[in-house]
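In the order they appear, the protein sequences are chains A and B.
Using the numbering used here, you'd call the opening residue of the first sequence number 1 and step up by one each time.
Using the numbering used here, you'd call the opening residue of the second sequence number 547 and step up by one each time.
For glycine and all other residues, C-beta sits at the position ideal for the given N, C-alpha and C.
2 protein chains.
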Amino acid sequence: MLGLMQDWPLLCHRVIDHAAINHPERCVISRSIEGPLHSITYPELRTRALKLAQRLARDGIGQGDRVATLAWNTWRHLEAWYGILGVGAIYHTVNPRLFPEQIVWIINHAEDRVMMTDLTFVPLLEKLADKLTSIERYVVLTDAAHMPKTTLRNAVPYEEWIAEADGDFAWAAFDENTAAGMCYTSGTTGNPKGVVYSHRSNVLHSMIAIQPDMIGLSSREVVMPVVPLFHANGWSLSLTGPMAGASMVMPGMKLDGPSVYELLNQFKVTCTAAVPTVWLMLLQHLEATGGKLPHLKKVVIGGSACPRAMTKTFQDVYGVEVIHAWGMTEMSPLGTVCTLKPEYAGLTGEARLDIQQKQGHTPFGIEMKITDDSDRELAWDGKTFGRLKVRGPAVAKAYFKGEGGEILDGDGFFDTGDVATIDRYGYMQITDRSKDVIKSGGEWISSIDIENLAVGHPKVAEAAVIGIRHPKWDERPLLVIVLKKDQTATKEELLGFLQGKIAKWWMPDDVAVVDEIPHTATGKIQKITLRERFRDYVLPTATAAE
Amino acid sequence: MLGLMQDWPLLCHRVIDHAAINHPERCVISRSIEGPLHSITYPELRTRALKLAQRLARDGIGQGDRVATLAWNTWRHLEAWYGILGVGAIYHTVNPRLFPEQIVWIINHAEDRVMMTDLTFVPLLEKLADKLTSIERYVVLTDAAHMPKTTLRNAVPYEEWIAEADGDFAWAAFDENTAAGMCYTSGTTGNPKGVVYSHRSNVLHSMIAIQPDMIGLSSREVVMPVVPLFHANGWSLSLTGPMAGASMVMPGMKLDGPSVYELLNQFKVTCTAAVPTVWLMLLQHLEATGGKLPHLKKVVIGGSACPRAMTKTFQDVYGVEVIHAWGMTEMSPLGTVCTLKPEYAGLTGEARLDIQQKQGHTPFGIEMKITDDSDRELAWDGKTFGRLKVRGPAVAKAYFKGEGGEILDGDGFFDTGDVATIDRYGYMQITDRSKDVIKSGGEWISSIDIENLAVGHPKVAEAAVIGIRHPKWDERPLLVIVLKKDQTATKEELLGFLQGKIAKWWMPDDVAVVDEIPHTATGKIQKITLRERFRDYVLPTATAAE
């Protein structure tokens, strides 16, 4: 027997309808790529999104077609996003920070038919255009006055292009499981893989993110997504902002300390979100200038682990609550958020920071477990660590075109590739990437824990720990060290520093001092390359064991 | 092209799973029907719900079967609710305040197979049992020690009955559109009509209700649903409490001022919800005893319009924020909530109360419009009033067994039967029931507005305004008055009092002084009966017009 409730599919463009109807005077303020600040109301933004949808439809773009954007956070990107969704096409937000060859690869893999680009990326695209064979038209997100001379195929300025439509258009209607958007994971191994969001997953994800214990938005907030839309839906803010009827501030391309500071204070932003790097620049600027943050109430920090000192500074010096969060492109992206449950809400000082270092807990709609190599579930004791797996309506079940094959376990859980602990109250903390963990005698050793300790040594500039094959223990840890300039140190001195700080069996079997540790484009340690370099390394303990 | 996100149906029992796993130490505290206070954690409650599901399954109760409850808000009712849902059966929360013949009618109409009843209602059910032919078993929500001798068919005490199951049971799996629950509208005309909620509609409704601008629950709240579960899911709190991981306090059967006050303060309740009548009793108790509400932060008031004085007293005297809300059984039930958007958030004093008298605005997931008799949409100007219609994933599309026929308009909107204004910021205010509005020369006159004015006359005890047939204007208003004891008043005196306070063409054409105005069981004016009584009444203006 079925319920007798209305069929009302969860479609993303219903969100901008809601904002336009119920929050008609609320604005989206942007720093434009051309320079000046720009303001638009939700009803105006919706009308322009409708024109865009109408204009796309006239070009024969509709359900199932992919439309790429290569753009910063501005009102034009937001309205393009809703317009693409609303005609039933699929937005494909391309990350301009990828290597050019990766950009070419993913656009071709996605078979994008239209490219909507900021002025910033026109020169880059002109260099790549020959290889981008699926793109039929380039729409430059500007007006005729700012339109550059360009060799790009069928290039048009956005403003004049959408002005060809009158907006007398209705959103397309379709099933909520229809594809809505695409985002490729940057992937440290192999080619990037395309995650395909549905309208349903996007809307549910936003309804999850908007809750008080998650990002928690109301119409009284002024929210600034510094995190770009091309980072998995701007961590939901492209939908939750309009869903809550919050004011929005879009920072454009200038994410440096002074620029972000100016917007935060001028527009009385109450809630913002970005990766630690952005906040490092802001905090440096504040320290250098004596700036204050009188309006900002909370800052969501994710993408990589938020340093403890950053949390402390935001909270103690500037009175801004830090909300540590974790997610993945495959999770739309929110997974856990570190708001404080009543068990922890009363903590202060270092004890509070201890908890805030964790990545947080899951809301309803995200299930989480940690397992060992035999897929047995491990205890939530805050100490035992295992593979972190997740399940939910906004978690990927496969990649575009089947890349990567079957990605769910027997119970339908997705392996995040992270290794984590979960405490008794459900707070998850990432301890490693699963491919970096060292498997010694059936037990796991966290490379990150040892690295964090080792860089505390006054002579050490950088540290990496990798597993080296061992005849008895399968793997044993090798500590790879870059020393600070003009320093020398013995193996005994370095290992002695770790003594008593880690379990005896975690102690690295050897130390290798190198000139440089390899990094990825985004600054992370490239352990694959490092493991490759030390592939044939023989530990002193290995010869002893043989 | 479909999205590639996980299939994760929105099932109600996933909510109690979430609470048990992620909020293992949070409690549901109840005032038991037997008397003492009782406390249980979410994991314990979930285990007992699983046992109940298992026990139901053993009796052959499964998908599509209806299980009635006739019970107050206690932990047992809550676990029964989840257990019934989790085996795929349909909870049917029966309102014990209905007339006995209505209770018989709806149980037979729903074809309930099992009745789970509080001790309170055993005598009532014994009287009705002969007519309740579909009920195979009565489960009395108590233990063997408190089990009364009873003639009820296959009667068992709940505790011993579920103890026959070991809890080694898995929730049933099924489509999210499967029927989850039933609730009959009390309906002032005709027979009660059954609303059939689905798992999807219940879960989406809760995700809507939990938002900061709606009821807004976090894990740090202690929430007390004084509104009973049999009032359309206890206004979502049966699901949003566990979804947020909030502590819950269940008041049992004692809803008088002292009892509610005791629980509010003893368990530091931060958020509660009920109809105005309950709060009137609480406020009277507070005034009589000098009591305070140091922990309570907000009180959700709905069911009928919240009196202005009540809002003022809660806020000014006790520092508790009033959240005026409106909904219907057919809406799961939340429709609008009167939290303050930035346009109104800065108001104070009487201006703030003016807004808080409105029923509020809709969240994402509820669409609203007002229309005239020709189904033309009317302006959102805060003045124009029309039929209030709603649409959304948690709004009914039909009643059980097709009662009432087609209930949606051409665009899929449900006519609420209310007449309302909506202002430019989306705040709805109910001005009348559509069947009570007086249609004079194609224009509408609000009966409630005139009644509210008329009772302001010092000699008037109660007032009702109804439409009387008129040869020229179709209908004209008649003011029906009950005078205070030992008072007399002329028609001219009473109408003179209204002069200048309402538009001229709203002025009643006549006044009828009566000894008594008929009321429904819940104390509302029974306008149907009143109209029936005045069916052949001839207005003085009618004879003049002929």
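Could you tell me whether the Cβ of B/G736 comes closer than 8 Å to any Cβ of chain A? Here residue 736 of chain B refers to the residue found at position 190 when the second sequence is read from its first residue. Not an interface residue.
Quick one: is B/N998 buried, meaning 16 or more other Cβ sit within 10 Å of its Cβ, or exposed? Here residue 998 of chain B refers to the residue found at position 452 of the second sequence. By the Cβ-count criterion, B/N998 is exposed, with fewer than 16 other Cβ atoms from all chains shown falling within 10 Å of its own Cβ.
Could you confirm whether any beta carbon from chain B is found closer than 8 Å to the beta carbon of A/K550? Residue coverage of chain A in this structure runs from 1 to 546, which leaves residue 550 of chain A outside it and unanswerable.
Does the beta carbon of B/G743 sit closer than 8 Å to a beta carbon anywhere in chain A? Looking up residue 743 of chain B in the second sequence gives position 197. According to the sequence provided, residue 743 of chain B is Tyr. The question's Gly does not apply to it. Yes, contact with chain A.
Just confirm the distance between the C-beta atoms of B/A1000 and B/L1024, as a whole number of angstroms; I'd bet it's less than 8 Å. Within the second sequence, the letter at position 454 stands for residue 1000 of chain B. Within the second sequence, the letter at position 478 stands for residue 1024 of chain B. By a beta-carbon distance limit of 8 Å, B/A1000 does not contact B/L1024. Their separation comes to about 12 Å.
On the DSSP bridge list, what partners appear for B/V505? Residue 505 of chain B lies beyond the stretch modelled for chain B, which goes from 547 to 1092, so this question has no answer here.
Only counting runs of 3 or more residues, tell me where the beta strand (DSSP E) segments fall wholly within the region 910-996 of chain B, in order along the chain. Runs found: 913-917, 932-937, 960-968, 974-979, 984-986, 989-991.
Under 8 Å Cβ-Cβ, which residues of chain B neighbour A/K341? On the first sequence, residue 341 of chain A is found 341 positions in, with the first residue counted as 1. Neighbours of A/K341 across chain B, judged by C-beta separation under 8 Å: H569, S765, R766, G791.
Mind checking which residues open and close the beta strand (DSSP E) that includes B/P771? One-based indexing of the second sequence puts residue 771 of chain B at position 225. Looking at the DSSP string, the run of the beta strand (DSSP E) that includes B/P771 is 768-771.
Buried or exposed: which applies to A/H519, given that a residue is buried once 16 or more other Cβ atoms fall within 10 Å of its Cβ? Translated into the one-based positions of the first sequence, residue 519 of chain A becomes position 519. It is exposed - the Cβ of A/H519 has fewer than 16 other Cβ atoms within 10 Å.
Indicate the three-state DSSP secondary structure (helix, strand or coil) for B/W872 in the structure shown. Locating residue 872 of chain B in the second sequence gives position 326, counting from the first residue. Under the three-state reduction of DSSP output, B/W872 falls in the strand class.
Please report how far the alpha carbon of B/V561 lies from the alpha carbon of A/L494, in whole angstroms. Here residue 561 of chain B corresponds to residue number 15 of the second sequence, with the count starting at 1. Here residue 494 of chain A corresponds to residue number 494 of the first sequence, with the count starting at 1. When rounded, the separation of the alpha-carbon atoms in B/V561 and A/L494 is 50 Å.
Which one of A/L347, A/G412, A/Q429 has the shortest CA to CA distance from A/H361? For the purposes of this step, residue 361 of chain A is taken as the residue at position 361 of the first sequence. Closest in alpha carbon position to A/H361, among A/L347, A/G412, A/Q429, is A/Q429.
Could one say the Cβ of A/W8 lies closer than 8 Å to chain B's Cβ atoms, at least one of them? If you number the first sequence from 1, residue 8 of chain A lands on position 8. Yes, contact with chain B.
For chain A, is any of its Cβ atoms less than 8 Å away from the one on B/F645? Along the second sequence, one-based indexing puts residue 645 of chain B at 99. With 8 Å as the cut-off, B/F645 does not count as an interface residue toward chain A.
Where B/D1020 sits in the DSSP three-state scheme: For this step, residue 1020 of chain B is matched to residue 474 along the second sequence. The three-state secondary structure of B/D1020, taken from DSSP, is strand.
Along the chain, where does the alpha helix (DSSP H) containing A/G335 start, and where does it finish? Along the first sequence, one-based indexing puts residue 335 of chain A at 335. A/G335 -> not in any alpha helix (DSSP H); beta strand (DSSP E) instead, spanning 334-337.
Helix, strand or coil: which one does DSSP assign to B/P788? As a first step, residue 788 of chain B is located in the second sequence; it is residue number 242 there, counting from the start. In the displayed model, B/P788 falls within a helix according to three-state DSSP.
Using a threshold of 8 Å, state whether the C-beta atoms of B/T857 and B/Q902 are closer than that. What you label residue 857 of chain B is simply residue 311 of the second sequence in a count that begins at 1. What you label residue 902 of chain B is simply residue 356 of the second sequence in a count that begins at 1. Yes. Within cutoff.
Chain A contact for B/F946 (CB, 8 Å cutoff): Position 400 of the second sequence, counted from the first residue, corresponds to residue 946 of chain B. True, the Cβ-Cβ gap to chain A drops below 8 Å.
Can a CB atom of chain B be found closer than 8 Å to the CB of A/A345? Position 345 of the first sequence, counted from the first residue, corresponds to residue 345 of chain A. Any Cβ of chain B closer than 8 Å to the Cβ of A/A345 would place that residue at the interface, and such an atom is present.
Tell me which same chain residues have a C-beta within less than 7 Å of the C-beta of A/R55, skipping the five on either side of it? Position 55 of the first sequence, counted from the first residue, corresponds to residue 55 of chain A. Answer for A/R55: W161, I162, E164, A165, listed in chain order.
Is DSSP giving B/P703 helix, strand or coil here? Position 157 of the second sequence, counting from 1, holds the residue named residue 703 of chain B. Strand, per DSSP.
Counting only beta-carbon separations shorter than 8 Å, does B/D957 have a partner in chain A? For the purposes of this step, residue 957 of chain B is taken as residue 411 along the second sequence, with counting starting at 1. For B/D957, not one C-beta of chain A is nearer than 8 Å to its own C-beta.
CB-CB under 6 Å to A/C271, same chain, minus the five flanking residues each way: which ones, in chain order? As a first step, residue 271 of chain A must be located in the first sequence, where it is residue number 271. Sequence-distant Cβ neighbours of A/C271 in its own chain, meaning closer than 6 Å and more than five residues away, are E221, V223, K298.
The alpha helix (DSSP H) with A/Y537 in it runs from where to where? Here residue 537 of chain A corresponds to residue number 537 of the first sequence, with the count starting at 1. Element bounds for A/Y537: n/a, residue is neither H nor E.
Would A/P393 be called buried (16 or more neighbouring beta carbons within 10 Å of its own) or exposed? Within the first sequence, residue 393 of chain A is the residue found at index 393, counting from 1. Classification of A/P393: buried, given that the 10 Å Cβ count is 16 or more.
Per DSSP, which residues does B/L616 bridge with? Please list them. The residue labelled residue 616 of chain B in the question sits at position 70 within the second sequence. DSSP lists B/T663 as partners of B/L616.
Alpha-carbon spacing of B/L801 relative to A/F414, whole angstroms: On the second sequence, residue 801 of chain B is found 255 positions in, with the first residue counted as 1. On the first sequence, residue 414 of chain A is found 414 positions in, with the first residue counted as 1. When rounded, the distance between both Cα atoms is 47 Å.
Which same chain residues, not among the five before or five after A/E126, have their C-beta less than 8 Å away from its C-beta? Looking up residue 126 of chain A in the first sequence gives position 126. Within the same chain, Cβ atoms closer than 8 Å to the Cβ of A/E126 are found at T150, T151, L152, the five residues on either side in sequence being excluded.
Below 8 Å between beta carbons is the criterion; list the residues of the region 606-635 of chain B that meet it against any residue of chain A, in chain order. If the cut-off is 8 Å between Cβ atoms, the region 606-635 of chain B has Q609, G610 near chain A.
Please report the straight-line C-alpha distance between B/T1087 and B/A855, rounded to a whole angstrom. For this step, residue 1087 of chain B is matched to residue 541 along the second sequence. For this step, residue 855 of chain B is matched to residue 309 along the second sequence. B/T1087 and B/A855 have their alpha carbons spaced roughly 38 Å apart.
Give me the chain A residues within the contact set of B/R970, using Cβ-Cβ distance strictly less than 9 Å, ordered along the chain. Counted from its first residue, the second sequence places residue 970 of chain B at position 424. P24, E25, listed in chain order.
C-beta atoms of B/G762 and B/P771 nearer than 8 Å: Numbered from 1 along the second sequence, position 216 holds the residue referred to as residue 762 of chain B. Numbered from 1 along the second sequence, position 225 holds the residue referred to as residue 771 of chain B. Result no, Cβ atoms of B/G762 and B/P771 do not sit closer than 8 Å.
Taking the alpha-carbon of B/G928 as reference, which of B/Y971, B/G963, B/D957, B/T1036 has the nearest alpha-carbon? Locating residue 928 of chain B in the second sequence gives position 382, where the first residue counts as 1. With distances taken between Cα atoms, B/G928 lies closest to B/Y971.
Output the residue ranges of the beta strand (DSSP E) runs that lie fully inside the region 547-608 of chain B and measure 3 residues or longer, sorted by chain position. Entirely contained in the region 547-608 of chain B, the beta strand (DSSP E) runs reaching 3 residues are, in chain order, 573-577, 583-587.
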